[in-house]
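Protein chains: 2
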Amino acid sequence: MNKPPTFVEGLLQYVEELKDESEMTEKQRNILRASVKLFAEKGFHASSTSEIAKEAGVAEGTIFRHYKSKKDILLAVVAPVLVKFAAPFILKDVREIFKEQNKKTFSQIVTELYRNRIDLVLANEKHIRILLQEAFFHDEIREALIATVFTGVKEMANKLIEAKVEVGELRPLPTQAVFRAILSSMIGLVLFRQVLDTDEFTQFSDDEQIALTVDILLNGIGNHSI
Amino acid sequence: MNKPPTFVEGLLQYVEELKDESEMTEKQRNILRASVKLFAEKGFHASSTSEIAKEAGVAEGTIFRHYKSKKDILLAVVAPVLVKFAAPFILKDVREIFKEQNKKTFSQIVTELYRNRIDLVLANEKHIRILLQEAFFHDEIREALIATVFTGVKEMANKLIEAKVEVGELRPLPTQAVFRAILSSMIGLVLFRQVLDTDEFTQFSDDEQIALTVDILLNGIGNHSI
DNA sequence: ATTAAAAGTGAGTAATCACTCGCTAATTAA
DNA sequence: TTAATTAGCGAGTGATTACTCACTTTTAAT
Chain A
1 MNKPPTFVEG LLQYVEELKD ESEMTEKQRN ILRASVKLFA EKGFHASSTS
51 EIAKEAGVAE GTIFRHYKSK KDILLAVVAP VLVKFAAPFI LKDVREIFKE
101 QNKKTFSQIV TELYRNRIDL VLANEKHIRI LLQEAFFHDE IREALIATVF
151 TGVKEMANKL IEAKVEVGEL RPLPTQAVFR AILSSMIGLV LFRQVLDTDE
201 FTQFSDDEQI ALTVDILLNG IGNHSI
Chain B
1001 MNKPPTFVEG LLQYVEELKD ESEMTEKQRN ILRASVKLFA EKGFHASSTS
1051 EIAKEAGVAE GTIFRHYKSK KDILLAVVAP VLVKFAAPFI LKDVREIFKE
1101 QNKKTFSQIV TELYRNRIDL VLANEKHIRI LLQEAFFHDE IREALIATVF
1151 TGVKEMANKL IEAKVEVGEL RPLPTQAVFR AILSSMIGLV LFRQVLDTDE
1201 FTQFSDDEQI ALTVDILLNG IGNHSI
């Protein structure tokens, strides 16, 4: 059976053809900007093309000059974020963090990783909102998200974990459980920061929160001084 | 200024009037069942009332006999889950777990809590999907979700944490950071279980995963035996 | 300056949307 | 049994949907 190209494969090809923002017309940029705003606020299906046109200050026909369907706009919005997470030239940040792993302690590496990922989320807040929303419904996007963000990082992380276990810096726990702990802390960090900005949380700076999180990740919340 | 009742207040009143499933007609139950299915699969806005009618084997007019608008169906679907999380008679489970806290170790309490919450998610998977999806868009639902799930549990958790710190079972960390760590681990646990069921993950049973998670939460992943 | 291609327009399209209404069928109260 | 209420129906409502197309304007190449 000759499977059609997966969404991920299609995505990579699609991104190749993706226009750089600089070679877009003013109006096309407006369309994208308006779409991001509306999709993030009300969701993809609740946003109509007429609304997008109005928000962008453009005739409705112009939208379809650049994007052959509404779903195409979604892809144009979502794809860059996906590659920002995954594409080598951005994942380079991560790779670099992991790279000199024998020169750095695990806590240093994780601290850098958290800082880096929080910045990435902050810089792409609305896009990531849209990405997560649509990942709920569209299997394609969810699979792409998992394949890029998740599987990509997992490989590297697992190597790091196993190396650090051998050196004796980490306890010999199942790698998968350690990976999950690292990711959970990161997700919690971002989640609390973004959606639950209560007084208790904002009393600490980002860097303090990260430091606390890494401390707990490594040492736990239990008291062992007895 | 005389503020209108908040969504949460409205919700509680609304739930009072909520029909018990047993006193619904066959057709009404079908409408709800069909709505849950479609909302979970494609999202609220992408599901039309005509689809719901067809899926439920009912005339479209019948839907509006029972629910005065489409959004009303969403509320009828979502509200019960919200109260399952929050309503005293269900939060009782949690309360009970926390209750005999001086007789139990922290790790026992958290283990029970995780087990209990995982079961709740498993038993209401689709509904929770819908709840989370719509929490993205509707401020009302998000606020209700935070107010019930989050704020309710936080009070109890904070007391427990502070008590256990005093006893010397937990390290004297900022309560907020400890709370976040507990919640992050729980979210990670459910998230990995539900959306990332890879081979590596499913090689352990639920209870083993919980045990690992609690171990890491308390003792960290760092090696202190040196 | 000429020409071809690309960008932009907005009225128009069929389909679908949430919802209504006048009706019949079934259930309940008296 | 009768009267009154509720449940169920489905054709019909205007509004809105994503999208098209014949047309004009702008840009770029020769």
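Just so you know, the protein sequences line up as chains A and B, in that order.
If you're matching positions, the first sequence starts at 1 in this note's numbering and goes up one per residue.
If you're matching positions, the second sequence starts at 1001 in this note's numbering and goes up one per residue.
Glycine included, each C-beta is placed from N, C-alpha and C at the ideal position.
Predicted model, so just to flag it, every value in this text is computed and none were measured.
(request) Would you tell me roughly how many angstroms separate the C-alpha atoms of G43/A and F137/A, rounded to the nearest one? (result) 12 Å
(request) Classify L1173/B as helix, strand or coil using the three-state DSSP reduction. (result) coil
(message) Just to make sure I have the definition right: I need the residues of chain B whose C-beta is within less than 8 Å of the C-beta of L212/A. Which are they?
(response) L1173, P1174 and A1177
(message) Rounded to whole angstroms, what is the Cα-Cα separation between I221/A and D1215/B?
(response) 10 Å
(message) Does the CB of D206/A have a neighbour CB from chain B at under 9 Å?
(response) no
(request) Below 6 Å CB to CB, which residues in the same chain sit around I1090/B once its five sequence neighbours on both sides are set aside? (result) Any reading at I1090/B must be qualified, since the residue scores a pLDDT of 47, below 50, and its modelled position is unreliable; no value is offered.
(request) For I1141/B, decide whether its Cβ has a neighbour in chain A, counting only Cβ atoms nearer than 9 Å. (result) no
(request) Kindly say whether Y1127/B, judged by its beta-carbon, lies nearer than 9 Å to any beta-carbon of chain A. (result) In the sequence as presented, Tyr is not what sits at residue 1127/B; that position holds His. By this cut-off, H1127/B is not an interface position.
(message) Once DSSP output is grouped into helix, strand and coil, what is the label at G61/A?
(response) helix
(request) With DSSP collapsed to three states, give me the class of G222/A. (result) strand
(request) Measure from the C-beta of D72/A to each C-beta in chain B and report whether the shortest distance is under 9 Å. (result) no
(request) Check each candidate in I1063/B, H1224/B and E1162/B and name the one with the smallest Cα separation from E169/A. (result) H1224/B
(request) Rounded to whole angstroms, what's the CA-CA distance from P1088/B to V1190/B? Just pull it up for me. (result) Low confidence applies here, because P1088/B scores a pLDDT of 43, under 50, leaving its location unreliable; read the following figure in that light. In a straight line, the C-alpha of P1088/B is about 23 Å away from that of V1190/B.
(request) Find the nearest neighbour of E1134/B within the set R1065/B, I1073/B and L1212/B, judged by alpha-carbon distance. (result) I1073/B
(request) Please confirm if I1090/B has its CB atom under 9 Å from at least one CB of chain A. (result) Model confidence at I1090/B stands at a pLDDT of 47, short of 50, so the residue's coordinates are unreliable; what they give is reported in the following sentence. No, I1090/B does not count as interfacial toward chain A.
(request) At 8 Å on the CB atoms, spell out the chain B contacts of L218/A, in chain order. (result) G1220, I1221 and G1222
(message) Please state the DSSP three-state secondary structure of H1127/B.
(response) helix
(message) Check whether the region 167-183 of chain A and the region 1157-1164 of chain B touch, using three or more Cβ-Cβ pairs below 8 Å as the test.
(response) no
(message) Between R1117/B and chain A, is any beta-carbon pair separated by less than 9 Å?
(response) no
(request) Out of H45/A, L32/A and L82/A, state which residue places its alpha-carbon closest to the alpha-carbon of F64/A. (result) L32/A
(request) Output yes or no for whether 9 Å exceeds the beta carbon distance between E1060/B and A1034/B. (result) no
(request) Kindly say whether V1195/B, judged by its beta-carbon, lies nearer than 9 Å to any beta-carbon of chain A. (result) yes
(message) Helix, strand or coil for F89/A? Go by DSSP, reduced to three states.
(response) Low confidence applies here, because F89/A scores a pLDDT of 40, under 50, leaving its location unreliable; read the following figure in that light. Helix.
(request) Using beta-carbon positions only, say whether K27/A and T49/A come within less than 9 Å of one another. (result) no
(request) Show which residues of chain B have a CB atom less than 7 Å away from the CB atom of S184/A. (result) S1184, S1185, I1187 and G1188
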